[in-house]
Amino acid sequence: MLKFDLHYHANIFRLSPDKIRTRMEQHKQSIQKSEIDFIASTEHAYKDPLTAYLYLKEAVNDLETAVIPGIEALTKEGIDIIFLYTDEESLRLAGLMIVPHPRTPGHTGAANKLSEKDYQTLLSQADYVEIHNGASVLLRQLFQKKYLRPLVPSVLRKKVEDTFELPEKYRGVNLGWAVSSDAHYPKDQVYVGGTHFDITAPETYFEFLKRRIRFEPHQVSSSPSMIPTLLKNGLCVFLEALLKKHYKLFLQSSKL
1025 MLKFDLHYHA NIFRLSPDKI RTRMEQHKQS IQKSEIDFIA STEHAYKDPL TAYLYLKEAV
1085 NDLETAVIPG IEALTKEGID IIFLYTDEES LRLAGLMIVP HPRTPGHTGA ANKLSEKDYQ
1145 TLLSQADYVE IHNGASVLLR QLFQKKYLRP LVPSVLRKKV EDTFELPEKY RGVNLGWAVS
1205 SDAHYPKDQV YVGGTHFDIT APETYFEFLK RRIRFEPHQV SSSPSMIPTL LKNGLCVFLE
1265 ALLKKHYKLF LQSSKL
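For the sequence shown, our numbering begins at 1025 and goes up steadily by one.
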């Protein structure tokens, strides 16, 4: 079975050199344990994605895992879109387009922010839609606890469920299915995408992905400790939200 994780973050932006070394060693250990074949470095556009890719590529250099260069971009509508490329020199050339977490509980899900017509138009321009996002795993487990279930708004609970397993009506037509960890920390990689299709020489991984493979969830590790992980990731999401707001204001002001 080939294993792909098409949404992964090195998450080293603004870290000191010592902390970067520690973080990358942790990434290497986690990726080595998962025995994944391909992992897409999809750092946010405002967190230096090229540097993140180069560090991740170097970290796994002696492993069997290949790193795909990518970027998680933010549109003027405030929607996250993932682009994958053949190499770092092609970051601004033609790539593969993934619509990540369309129903995320956050503010960057395409299906939440766009009209149904505009969402379907976006899907018609994409290569993949993310049908499972690993960031939902622990939230889903938390919301299923009996003492919390009555306190969680049904709309929020439904978005988390849809992010864990995207309903058919949001999957579009003739698209590939991405199954991604969306890991921002090394131990967050629980589910990745698996397929029994093979890459046939001289086909490259990029040409393989152009086939619009429908990946299925494949578990590569057990879920990390719930509360510490949710707190850690919650802080990361908060800081990224501040950066996104600053980034959107910058984009808006640059058009004036």
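C-beta: ideal position from N, C-alpha, C; glycine also.
Looking only at C-alpha atoms, which of the options sits nearest to residue i?
i	options	result
Tyr1143	Ala1134, Asp1151 and Ala1150	Ala1134
Lys1052	Phe1062, Leu1080 and Pro1073	Leu1080
Tyr1229	Ile1063, Lys1170, Gln1165 and Gln1168	Ile1063
Val1061	Glu1088, Leu1078, Arg1038 and Val1084	Here residue 1061 turns out to be Asp, not Val, going by the sequence shown. Selected option, being the one with the closest Cα: Glu1088.
Gln1243	Ser1065, Val1203 and Tyr1077	Val1203
Arg1238	Tyr1215, Arg1038, Ser1246 and His1220	His1220
With a threshold of 16 other CB atoms inside 10 Å of the CB of residue i, please say whether the residue is buried or exposed.
i	result
Glu1154	buried
Asp1206	buried
Gly1196	buried
Met1048	buried
Gly1217	buried
Leu1233	buried
Pro1126	buried
Gln1213	buried
Phe1188	buried
Looking at the unbroken alpha helix (DSSP H) that takes in residue i, where does it start and where does it end?
i	result
His1051	Pro1041 to Ser1058
Phe1167	Val1161 to Phe1167
So, helix, strand or coil for residue i, using DSSP?
i	result
Ala1134	helix
Met1250	helix
Lys1183	helix
Pro1073	helix
Thr1219	strand
Asn1257	helix
Arg1173	helix
Glu1192	helix
Please decide whether residue i counts as near chain D, where near means a Cβ-Cβ distance under 8 Å.
i	result
Pro1226	Here chain D cannot be found, since the structure has a single protein chain.
Opposite residue i in the DSSP bridges: which residues?
i	result
Met1025	Its beta-bridge partners do not exist; DSSP assigns none.
Tyr1152	Ile1122 and Gly1200
Tyr1032	Ser1065 and Ala1207
Gln1243	Tyr1215
Leu1098	Asp1104
His1092	A quick correction: the sequence has Ile, not His, at residue 1092. DSSP output for Ile1092 lists Ala1064 as bridge partner(s).
Asn1157	Ser1204
Arg1238	Trp1201
Name the two residues that bound the continuous beta strand (DSSP E) containing residue i.
i	result
Glu1231	Glu1231 -> not in any beta strand (DSSP E); alpha helix (DSSP H) instead, spanning Tyr1229 to Leu1233.
Asp1104	Asp1104 to Leu1108
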